[in-house]
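Student:
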Amino acid sequence: MAPLSPFLRWRRYFCTNISSASPHRWGVKQVTKLNFSGALEEVGARISESDFIAVSLQRTGTACAAWHRVSAYDTTETAYLKAKRAAERFQVLQFSVCPFSVGACKVTAHPYNFHLFPRDELKIGMPSFSFSCQTSFLESLVQEDFDFNACIYNGISYLSRSQESAAKLRLGNPVRCSHFVKSPSSLSVADAVFVGRIKYRIKQWKDAYKDLNKNTNDALVRSLSQLVLGGENYGSRPCINIDVCSERQVQLILEILVEFFEELVPLVIPAKGGGIQAVRVILTSSKEDKDLLEQELQHLEDEETRRVRGFREVINLISASQKPIVCYNSLNDFTFIYKMFFAPLPSDVDEFICSLRSEFPQIFDLTHMMKDVVPMEKATNISAARSYLRSRYFTTINMEVPYKDTENEGNSTHGHNVLNICHMFAKLCSILKLLATTDPLDAHHGFPDIEKHANIFRPSILGPCDSSDESVRVWSSSKRRISTQDIVFLWGFGEKMSAGMLKSWLEGSHDAFSENCFNIRFVDKSCAIVVFFRPGLSGALLGTMSSGHLSGRLREMVSEGLKGASYEVYKRICRRESSWEGAELADAFQRAMIDTGHSPEAESGSKETDIYWCSDSRIKFDDL
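Given below as structure tokens:
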């Protein structure tokens with residue numbers, strides 16, 4: 005083997021060390037339900053010590069058709085609707101979490117890869133009855149030696165926040181009343197009668213039970229007397245259930261107990277169909293016994309909560325820390341996270357972003373951070389972008405990963421993408437000089453230099469939205485801001501037509517198709533997007549096509565099936581659930597035009613938005 009030239013030796017010296025940068029040499033802790041409890045405590049400690057938290061998701065799919073994928077021509081609204089559609093259909097099987105800290109030339113990372121499965125462990129029909137899978141994603145998992153048996157049988161289940169509330173009602177387990185606020189309203193006549201009756205009943209039961217304990221030590225006599233008194237036992241302590249008909253009666257009972265019976269501990273018993281069935285009152289023997297009972301109840305409640313929440317405990321730790329989150333394609337990832345762990349996705353993107361930021365104040369998306377550093381053709385996925393940075397920027401970033409692979413995990417590639425995200429983030433911060441301070445003592449001041457890169461949810465023009473999906477590529481050396489009012493979708497031009505052929509056919513067929521006044525690219529095999537560089541041309545074209553006053557080549561093309569629609573029609577398609585059924589965008593446009601009876605022209609008064617159009621865009625149809 006020939007010796008390296010001095011230049012190559014110098015270049016390799018300043019690049020990231022190969023052994024420390026190779027993801028397969030980094031250890032990622034694999035977590036299933038068998039070791040979840042211990043890993044949860046570890047993750048909580050690592051999160052509190054870290055500066056950032058990287059996340060990466062392995063899904064069962066992202067899109068059923070080419071036009072379902074988020075692309076550069078999408079606005080924030082349409083991109084969200086596409087991501088929402090994917091999150092509602094597909095499932096996350098692996099969720100990688102990596103708390104990490106960034107130093108001057110070092111990243112200290114603690115990666116965990118959680119295996120998930122939406123198993124109905126509580127037998128209540130949640131979290132999911134079914135989900136969709138794409139064969140290409142399953143093939144990718146097989147190539148990575150993914151253990152489907154371990155996923156199905158040992159994957160960690162979970163419930164979202166809204167599902168947890170519903171589950172507790174269905175389970176009907178007693179709930180401790182830890183927080184009580186006295187009602188400011190005065191008692192009505194009915195309330196006064198109820199309070200007097202309940203107070204008398206509780207006092208009679210309590211006094212009779214205490215007298216019974218004083219007068220006899222015979223266990224059988226005490227049990228028979230307890231049956232006569234109408235009481236039960238909660239463990240070794242006596243208790244009595246008081247049926248209620250309303251929340252108001254529950255409030256009144258709690259007020260009675262707080263004011264007159266400090267040695268009694270209440271539990272609320274939910275009804276199976278919702279609401280409250282009864283209040284269980286437990287008698288304690290002393291102040292110490294009451295404190296002990298409340299500790300026992302708290303422990304049982306915590307255990308039940310952990311069992312119900314499952315993996316959502318990890319999400320709660322991340323949210324409670326308020327640490328910055330780093331990911332690759334935030335919109336795609338966090339629509340899944342929101343739907344799985346918080347609540348059903350709202351229909352409005354602004355509502356989604358507002359709600360999301362209340363849980364995660366800062367989210368950094370690598371696809372947006374590297375748009376000024378990595379050429380678009382080099383950024384088809386995170387591995388390609390990382391390779392480009394390693395070859396062009398002499399920035400040493402050493403990865404320190406304390407966890408070591410076990411013998412069973414040594415050949416596993418699962419979860420290593422989250423370490424790529426950590427390394428890529430640190431390298432971009434170094435290149436862009438974003439981390440003004442990396443002193444742990446100054447951590448509470450945050451990282452003000454990178455805040456401008458946080459919480460960007462508009463579609464990136466760096467390429468496909470999923471780091472593992474390269475079937476659609478959009479790239480360019482330049483970009484320009486284009487109003488959606490200057491965009492037209494065309495379909496019905498024939499199956500074998502290319503973008504170049506279609507553009508040459510359209511040039512000169514109408515005043516809008518003057519030379520250098522428009523550009524055209526395919527969305528999928530059936531539909532093309534036309535961008536006009538002068539305002540008003542799109543409306544003029546659609547008006548001419550709908551009026552029927554055509555001539556020349558455009559008339560010939562329309563007679564052969566060419567049709568057009570504005571961006572507003574495309575928005576309507578994305579908003580309508582039934583529009584997603586077709587595999588081709590042309591079919592969706594055709595149904596939208598028939599069903600709504602709307603003109604293909606833009607609706608008056610519609611909100612004008614912008615996209616970034618690339619002057620050299622193309623779509624690859626391999627694997628479609």
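The sequence shown lines up with residues 5 to 628 when you count with the working numbering. By construction, the Cβ of each residue, glycine as well, lies at the ideal position given by its N, Cα and C atoms.
Helix, strand or coil for Q326? Go by DSSP, reduced to three states.
Tutor: Here residue 326 corresponds to residue number 322 of the sequence shown, with the count starting at 1. Note: Q326 maps to coil in three-state DSSP.
Student: Can you tell me whether D352 is buried or exposed, with buried defined as 16 or more other CB within 10 angstroms of its CB?
Tutor: Your numbering for residue 352 matches position 348 in the sequence shown. Classification of D352: exposed, given that the 10 Å Cβ count is below 16.
Student: Work out the CA separation of D247 and V422 for me, nearest whole Å.
Tutor: As a first step, residue 422 is located in the sequence shown; it is residue number 418 there, counting from the start. As a first step, residue 247 is located in the sequence shown; it is residue number 243 there, counting from the start. Cα to Cα, the separation comes out at about 53 Å.
Student: Residues in the same chain with beta-carbon distance under 6 Å from I319, minus the five sequence neighbours each way, listed in chain order, please.
Tutor: Mapped onto the sequence shown, residue 319 falls at position 315. Within the same chain, I319 has close Cβ partners F345.
Student: Please state whether the Cβ-Cβ distance between V106 and A430 is less than 7 Å.
Tutor: Taking the sequence shown and counting its residues from 1, the one referred to as residue 106 is at position 102. Taking the sequence shown and counting its residues from 1, the one referred to as residue 430 is at position 426. Cβ atoms of V106 and A430: closer than 7 Å.
Student: Can we say the segment 572 to 583 touches the segment 505 to 518, given the rule of at least three CB pairs closer than 8 Å?
Tutor: At 8 Å Cβ cutoff, the stretches do not touch.
Student: Taking I273 as part of the beta strand (DSSP E), name the residues at either end of that continuous run.
Tutor: Sequence index remark: in the sequence shown, residue 273 carries index 269 (1-based). First-last of the beta strand (DSSP E) with I273: 268 to 274.
Student: Less than 7 Å between the beta carbons of V534 and L494, yes or no?
Tutor: Within the sequence shown, residue 534 is the residue found at index 530, counting from 1. Within the sequence shown, residue 494 is the residue found at index 490, counting from 1. Yes; because the gap between Cβ atoms is below 7 Å, this pair is in contact.
Student: Helix or strand or just coil, what does DSSP make of T36?
Tutor: Position 32 of the sequence shown, counting from 1, holds the residue named residue 36. Of the three classes helix, strand and coil, the one that applies to T36 here is coil, per DSSP.
Student: Consult DSSP for S100 and reduce its assignment to one of helix, strand or coil.
Tutor: Looking up residue 100 in the sequence shown gives position 96. S100 falls in the strand class under three-state DSSP.
Student: For T112, count neighbouring Cβ atoms within 10 angstroms of its own Cβ and tell me buried if that reaches 16, exposed if not.
Tutor: Stepping through the sequence shown from its first residue, residue 112 is reached at position 108. By the 10 Å Cβ count, T112 comes out buried.
Student: Given that a residue counts as buried once 16 or more other Cβ atoms are within 10 Å of its Cβ, and exposed if not, what is I156?
Tutor: Residue numbering aside, residue 156 sits at position 152 when the sequence shown is read from its first letter. Per the 10 Å Cβ criterion, exposed.
Student: Under the DSSP definition of a beta bridge, which residues are partnered with Y238?
Tutor: The residue given as residue 238 occupies position 234 in the sequence shown. According to DSSP, Y238 bridges with R241.
Student: For D376, count neighbouring Cβ atoms within 10 angstroms of its own Cβ and tell me buried if that reaches 16, exposed if not.
Tutor: Translated into the one-based positions of the sequence shown, residue 376 becomes position 372. Exposed, since its Cβ has fewer than 16 Cβ neighbours within 10 Å.
Student: Just the C-alpha distance for E143 and V312, rounded to the nearest angstrom, thanks.
Tutor: For the purposes of this step, residue 143 is taken as residue 139 along the sequence shown, with counting starting at 1. For the purposes of this step, residue 312 is taken as residue 308 along the sequence shown, with counting starting at 1. E143 and V312: Cα-Cα distance of roughly 32 Å.
Student: Tell me whether L191 is buried or exposed, calling it buried when 16 or more other Cβ atoms sit within 10 Å of its Cβ.
Tutor: The count along the sequence shown starts at 1 and reaches residue 191 at position 187. The residue is exposed, with fewer than 16 neighbouring Cβ atoms inside 10 Å.
Student: Count the C-beta pairs between the segment 321 to 341 and the segment 361 to 371 that are closer than 8 Å, then say yes if the count reaches three, no if not.
Tutor: Because the criterion of three Cβ pairs below 8 Å is met, the segment 321 to 341 and the segment 361 to 371 touch.
Student: Do you know how far the Cα of N385 is from the Cα of V146?
Tutor: As a working mapping, residue 146 is identified with position 142 in the sequence shown. As a working mapping, residue 385 is identified with position 381 in the sequence shown. Spanning the two alpha carbons is a distance of roughly 20 Å.
Student: Between R595 and K37, what straight-line distance do the alpha-carbon atoms span, to the nearest angstrom?
Tutor: For the purposes of this step, residue 595 is taken as the residue at position 591 of the sequence shown. For the purposes of this step, residue 37 is taken as the residue at position 33 of the sequence shown. Those two C-alpha atoms are separated by around 46 Å.
Student: How is the alpha helix (DSSP H) around I257 delimited, first residue to last?
Tutor: Within the sequence shown, numbered from 1, the residue matching residue 257 stands at position 253. Run containing I257: 251 to 264, per the alpha helix (DSSP H) assignment.
Student: Check this for me: beta carbons of L261 and P274, under 7 Å apart or not?
Tutor: Looking up residue 261 in the sequence shown gives position 257. Looking up residue 274 in the sequence shown gives position 270. No, the Cβ-Cβ distance between L261 and P274 is not below 7 Å.
Student: I need the straight-line Cα distance from V35 to I341, nearest angstrom please.
Tutor: By one-based count along the sequence shown, residue 35 stands at place 31. By one-based count along the sequence shown, residue 341 stands at place 337. V35 and I341: Cα-Cα distance of roughly 18 Å.
Student: Are the segment 62 to 77 and the segment 522 to 533 touching, with three or more C-beta to C-beta distances below 8 Å?
Tutor: The segment 62 to 77 vs the segment 522 to 533: in contact.
Student: Are the beta-carbon atoms of G65 and L120 separated by less than 7 Å?
Tutor: Taking the sequence shown and counting its residues from 1, the one referred to as residue 65 is at position 61. Taking the sequence shown and counting its residues from 1, the one referred to as residue 120 is at position 116. It is not a contact, given that the beta carbons lie outside the stated cut-off.
Student: What three-state label does DSSP hand H514 in the structure shown?
Tutor: Start at 1 with the first residue of the sequence shown, and residue 514 comes out as number 510. Here H514 sits in coil by DSSP.
Student: DSSP on N523, reduced to helix/strand/coil?
Tutor: Taking the first residue of the sequence shown as 1, we reach residue 523 at position 519. Strand at N523.
Student: Which residues mark the beginning and the end of the alpha helix (DSSP H) in which E143 is found?
Tutor: Counting from one through the sequence shown, the residue named residue 143 turns up at place 139. E143 -> alpha helix (DSSP H) spans 139 to 147.
Student: Please state the DSSP three-state secondary structure of L120.
Tutor: Sequence index remark: in the sequence shown, residue 120 carries index 116 (1-based). Correct three-state label for L120: strand.
Student: Alpha carbon to alpha carbon, how far is N117 from F56?
Tutor: Here residue 117 refers to the residue found at position 113 when the sequence shown is read from its first residue. Here residue 56 refers to the residue found at position 52 when the sequence shown is read from its first residue. For N117 and F56, the distance between alpha carbons rounds to 17 Å.
Student: Below 8 Å, how does it come out for the segment 84 to 98 and the segment 35 to 54: are there three or more Cβ pairs, yes or no?
Tutor: Not touching, per the Cβ criterion.
Student: Between which two residues does the beta strand (DSSP E) carrying I57 extend?
Tutor: Residue mapping note: residue 57 aligns to position 53 of the sequence shown, counting from 1. From DSSP, the beta strand (DSSP E) with I57 extends over 56 to 63.
Student: Could you pull the DSSP bridge partners for K567 from this structure?
Tutor: In the sequence shown, the residue the question calls residue 567 occupies position 563. Paired residue(s): W495.
Student: What is the rounded straight-line gap between the Cα of V96 and the Cα of R316?
Tutor: Taking the sequence shown and counting its residues from 1, one reaches residue 96 at position 92. Taking the sequence shown and counting its residues from 1, one reaches residue 316 at position 312. In a straight line, the C-alpha of V96 is about 13 Å away from that of R316.
Student: Of the residues S508, S134, Q167, K110, which one's Cα is nearest the Cα of I128?
Tutor: Walking along the sequence shown from the start, residue 128 turns up at place 124. Selected option, being the one with the closest Cα: Q167.
Student: Rounded C-beta distance between I206 and E251? I'm assuming under 8 Å.
Tutor: By one-based count along the sequence shown, residue 206 stands at place 202. By one-based count along the sequence shown, residue 251 stands at place 247. Not quite, the Cβ-Cβ distance comes to about 19 Å (not below 8 Å), so this is no contact.
Student: From this set, F99, A91, F150, L436, which residue's C-alpha is nearest I322's C-alpha?
Tutor: Numbered from 1 along the sequence shown, position 318 holds the residue referred to as residue 322. Comparing Cα-Cα distances from I322 to each of F99, A91, F150, L436, the minimum goes to F99.
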